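Participant:
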Amino acid sequence: MEFLDKSTIKLDKVENELDRFVLDFVKILEKHTKYVIISGYVAILFGRNRASEDVDVFVNSFQDFEGFVDDIQRNGYWIVNEDPNEALSMLKEGLAIRVAKKGAFEPNFEIKFPKRDTDFYSLENTVKVILKSGTLYIGSLELNIAFKLFLSSEKDIEDARFLFKLLKDNIDKERLEYFVNKLEVRELFEKYLL
Numbered sequence: 148m149e150f151l152d153k154s155t156i157k158l159d160k161v162e163n164e165l166d167r168f169v170l171d172f173v174k175i176l177e178k179h180t181k182y183v184i185i186s187g188y189v190a191i192l193f194g195r196n197r198a199s200e201d202v203d204v205f206v207n208s209f210q211d212f213e214g215f216v217d218d219i220q221r222n223g224y225w226i227v228n229e230d231p232n233e234a235l236s237m238l239k240e241g242l243a244i245r246v247a248k249k250g251a252f253e254p255n256f257e258i259k260f261p262k263r264d265t266d267f268y269s270l271e272n273t274v275k276v277i278l279k280s281g282t283l284y285i286g287s288l289e290l291n292i293a294f295k296l297f298l299s300s301e302k303d304i305e306d307a308r309f310l311f312k313l314l315k316d317n318i319d320k321e322r323l324e325y326f327v328n329k330l331e332v333r334e335l336f337e338k339y340l341l
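Following my numbering, the numbering of the sequence shown begins with 148 at its first residue and continues without gaps.
#1: Quick check: the Cα distance between Ser269 and Gly250, rounded to an integer number of angstroms?
#2: Just how far apart, CA to CA, sit Met237 and Arg308?
#3: Report the option in Met148, Leu283, Glu305, Leu288 whose CA atom is closest to the CA atom of Lys320.
#4: Within the continuous beta strand (DSSP E) that includes Phe245, where are the two ends?
#5: Alpha carbon to alpha carbon, how far is Ile292 from Ile226?
#6: Give me the Cα-Cα distance between Phe256 and Val183, rounded to the nearest whole angstrom.
#7: Could you check whether Asn222 and Ile175 sit closer than 7 Å to each other, using their CB atoms as the reference points?
#8: What does DSSP give as the partner residue(s) for Asn255 in the beta ladder?
#9: Look up Ile175 in the DSSP assignment and say whether it is helix, strand or coil.
#10: Closest to Ser299 by CA distance: which of Lys338, His179, Val204 is it?
#11: Tell me, please, which residues DSSP counts as bridged to Asp152.
#12: Could you work out which residue in Ser280, Leu296, Glu233, Leu310 is closest to Asn328 when comparing CA atoms only?
#13: So the candidates are Lys279, Glu334, Glu305; which of them puts its Cα closest to the Cα of Asp159?
#14: Measure the Cβ-Cβ separation of Asp171 and Ser186 and say whether it is below 7 Å.
#15: Enumerate in chain order the residues of its own chain whose CB-to-CB distance from Leu151 is below 7 Å, with the five nearest sequence positions on each side excluded.
#16: Out of Val246, Glu149, Ser154, which has the shortest C-alpha to C-alpha gap to Gln220?
#17: Verify whether the separation of the beta carbon atoms of Asp306 and Ala234 is less than 7 Å.
#18: Between the C-alpha atoms of Arg333 and Leu340, what's the straight-line distance to the nearest angstrom?
#19: Could you name the residues of the same chain whose beta carbon sits closer than 7 Å to that of Phe336, not counting the 5 residues immediately before and after it, in chain order?
#20: Mind reading off the beta-carbon distance from Lys262 to Gly286? Whole number of angstroms is fine, and I expect it under 8 Å.
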């Protein structure tokens, strides 16, 4: 792993099946909207050994949602359990849609519009991750760590611990402190990460 600058990481890893799934899909997604990958897949991307059924993604609005739907269908994906015509309405109502390979339910992308200020922050402050087979954009590492503590399940705390231990020499400590305070997870931060 090499930090090329504060917002670009070159990751030299053996890509797994989930990585290939993500890279394949984001090549389609980025033609239609700005996106950011957040939450559990970020820890998996950096080497945490655990399973995940979904990849959480925030997107800006779609210029042409029908074009996006056509594109994913042409490339072997489907919107899980939803009429494509109703999917945009769901997004606008603050709900997520799931996209998977045709005939499958998992793994899937859980796509949603940002709602909270931290969601918008993730979308506007992406980290570019360069892999051998492509590039993808993840959310702020500092926010990801604090948010995993906020979610506070055992799996989420372990994700936060893994990311913090791996990246503590390369993250912005002041920004991490800001998000720890903003999300009111100081006690969990001190208990599990320090």
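We put the CB at the ideal spot given by N, CA and C, even for glycine.
None of the values given here were measured: they were computed from a predicted structure.
Facilitator: Inspection of the coordinates gives the following:
#1: Distance between the alpha carbons of Ser269 and Gly250 is about 31 Å.
#2: In this model, Met237 and Arg308 are separated by some 34 Å (Cα to Cα).
#3: The candidate whose alpha carbon is nearest that of Lys320 is Leu288.
#4: Correcting the residue identity first, residue 245 is Arg in this sequence and not Phe. Run containing Arg245: 244 to 248, per the beta strand (DSSP E) assignment.
#5: Each residue's Cα considered, the two are about 29 Å apart.
#6: Looking at the two C-alpha atoms, the distance is approximately 12 Å.
#7: Cβ distance < 7 Å, so Ile175 and Asn222 count as in contact.
#8: In DSSP, Asn255 forms a bridge with Asp201, Ala247.
#9: Reduced to three states, the DSSP call for Ile175 is helix.
#10: When C-alpha distances from Ser299 are compared across Lys338, His179, Val204, the shortest belongs to Lys338.
#11: Secondary-structure assignment with DSSP links Asp152 through a beta bridge to Thr155.
#12: Comparing Cα-Cα distances from Asn328 to each of Ser280, Leu296, Glu233, Leu310, the minimum goes to Leu296.
#13: Looking from the CA of Asp159, the closest CA among Lys279, Glu334, Glu305 belongs to Lys279.
#14: No; because the gap between Cβ atoms is not below 7 Å, this pair is not in contact.
#15: Lys157, listed in sequence order.
#16: Gln220 has its Cα closest to that of Val246, out of Val246, Glu149, Ser154.
#17: Not in contact: Asp306 and Ala234 (Cβ atoms no closer than 7 Å).
#18: Arg333 and Leu340: Cα-Cα distance of roughly 10 Å.
#19: Closer than 7 Å at Cβ, skipping near neighbours: Leu296, Val327.
#20: With 8 Å as the limit, Lys262 and Gly286 do not qualify as a contact, their Cβ atoms being about 14 Å apart.
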